[in-house]
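Residue numbers (UniProt numbering): 1 to 214.
Glycine included, C-beta positions come from ideal geometry on N, C-alpha and C.
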């Protein structure tokens, strides 16, 4: 796309700053690298192996638990990390008796994407572009954008390619192209932050109700 290489870090960082006070939360340092072998060929992309990523995350979570953090919220910015995060979180939660929530924000806010854009989004599409545009508008380059840069994601394992052919991956055909609209970006930013905060509040409330790892 035409958004920063660091988008997967910039979005969760901005999100955490926007909702931390509301949640009475502390913000831990960002883990800047993740698992992205299918996009490793793109300029500026850095990928680490699952064998390196999983134990690194596991040790960090264990250390946070050792420091008596009861609720640990992971704002994930990259789909390639998801499977490893889920596996590690399940292990650490049960081992250390700590409550951990992983939020894949782009999936969570599909309704908000529809509300703002009237259609689905995509990887580096209208949704992700709008969110990071609200954070660092100076690093968005619509003049470099070409409509043909986007590819519709494979459906039901119909095809698989490495490297992926496009950094813009659309969820549905004909939907999700970046709009670069400032007003939409600001509206989307606020709606996303509110939805993520609502989820976290709800999960913690239900953990408390069930008296889980109190």
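Around the beta carbon of residue 15, 16 or more other beta carbons lie within 10 angstroms, which makes this residue buried. DSSP places residue 101 in the uninterrupted beta strand (DSSP E) bounded by 99 to 104.
The C-alpha of residue 200 lies about 34 Å from the C-alpha of residue 142. Nearest C-alpha to residue 62 among 97, 30, 213, 53: 97. Taking residue 207 as the centre and dropping the five residues before and after it, the same chain places the C-beta of 99 closer than 7 Å to its C-beta, in chain order. By the CB criterion at 8 Å, residue 163 and residue 40 fall inside the cutoff.
Positions of the beta strand (DSSP E) runs, each at least 3 residues long and wholly inside the segment 15 to 103, are given as 71 to 76 in order along the chain. DSSP lists no bridge partner for residue 212.
The beta carbon of residue 147 sits closer than 7 Å to the beta carbons of 177 from its chain, once the five residues preceding and following it are set aside; these are given in chain order. With contacts defined by Cβ atoms closer than 8 Å, residue 60 and residue 103 do not form a contacting pair. For secondary structure counted as the beta strand (DSSP E) over 3 or more consecutive residues, the segment 152 to 200 holds these complete runs in sequence order: 168 to 170. In the three-state reduction of the DSSP assignment, residue 123 falls in the strand class. Restricting attention to 5, 92, 119, 153, the CA atom closest to the CA of residue 171 is found in 153. Note: residue 150 is bridge-paired with 168 in the DSSP secondary-structure output.
Taking each of 50, 128, 118 in turn and checking the Cα distance to residue 81, the smallest one comes out for 50. The segment 128 to 143 makes contact with the segment 181 to 191: 3 or more CB pairs, one atom from each, lie closer than 8 Å. Around the beta carbon of residue 10, 16 or more other beta carbons lie within 10 angstroms, which makes this residue buried.
Counted as a single uninterrupted DSSP element, the alpha helix (DSSP H) harbouring residue 115 occupies residues 110 to 117.
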